[in-house]
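Peer 1:
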Amino acid sequence: MEQYNMINKISAFVLKREYLLILLTTLAISAKPLNLQYANYITVFLLSFVSIAYVLAAQKTFKEPKGMSSFYFKLGGIASGVAIIGVLFNILAFPSYKPMLIVGGLSLVILLGIISIDKDKTIDKQLLNPTLKLRFLYISFITLVFLLEDYGLFNF
6 MEQYNMINKI
16 SAFVLKREYL
26 LILLTTLAIS
36 AKPLNLQYAN
46 YITVFLLSFV
56 SIAYVLAAQK
66 TFKEPKGMSS
76 FYFKLGGIAS
86 GVAIIGVLFN
96 ILAFPSYKPM
106 LIVGGLSLVI
116 LLGIISIDKD
126 KTIDKQLLNP
136 TLKLRFLYIS
146 FITLVFLLED
156 YGLFNF
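Right, dumping it as structure tokens:
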């Protein structure tokens with residue numbers, strides 16, 4: 006039971022500081038093009054931290070989830086973590102980053118579509134708040150940019 010309390014605390018920490026994690030992600034992505042001295046170390050540390058934070062936050066336990074809200078919350082957290090690791094692998098030129106970018110980014114885009122179409126009002130808007138939607142949109146955009154980079158449309 007103590008494990009669930011710790012995960013719920015981590016989840017609350019991540020949800021309260023969502024803008025900070027978005028800022029850390031932006032800093033990590035911009036470290037390499039700026040040719041900072043320890044850019045690779047900064048990138049690995051920050052993106053790994055953000056990814057782990059998103060995946061751990063997704064493990065939150067719910068007392069009374071409304072409809073599919075808890076599933077969407079968990080799916081969004083895990084997809085965010087996968088997409089961020091895909092971005093990390095792309096920046097560090099690791100092989101096999103494309104499937105991670107595609108799966109993570111596409112999952113987030115589909116999730117955003119489901120949340121926005123919710124005609125039956127079955128999704129708990131308190132759980133999937135605008136800050137969380139901003140994270141999904143931001144990470145989807147980042148994955149799209151890194152996928153299009155392979156085709157020469159963006160240059161990092």
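Start counting the sequence shown at 6; every next residue gets the next number (this note's numbering). Even glycine gets a Cβ: it sits at the ideal position worked out from N, Cα and C.
#1: In whole angstroms, give me the CA-to-CA distance for Thr30 and Phe50.
#2: Determine, using beta carbons only, whether Val55 and Leu26 come nearer to each other than 7 angstroms.
#3: Going by beta carbon distance, what residues of the same chain come within less than 8 angstroms of Met73, once the five residues before and after it are set aside?
#4: Thinking just about the alpha-carbon of each residue, which of Ser101, Tyr156, Lys14, Val108 is nearest to the one in Ile83?
#5: Under 7 angstroms between the Cβ atoms of Leu97 and Ser145?
#6: Taking only the alpha-carbon atoms, compute the straight-line gap between Tyr77 and Ser53 and give it to the nearest angstrom.
#7: In the region 21 to 50, which residue ranges form an unbroken alpha helix (DSSP H) of at least 4 residues, counting only runs that do not cross its ends?
Peer 2: Based on what the coordinates show:
#1: 10 angstroms
#2: yes
#3: Thr127, Ile128
#4: Val108
#5: no
#6: 22 angstroms
#7: 23 to 36
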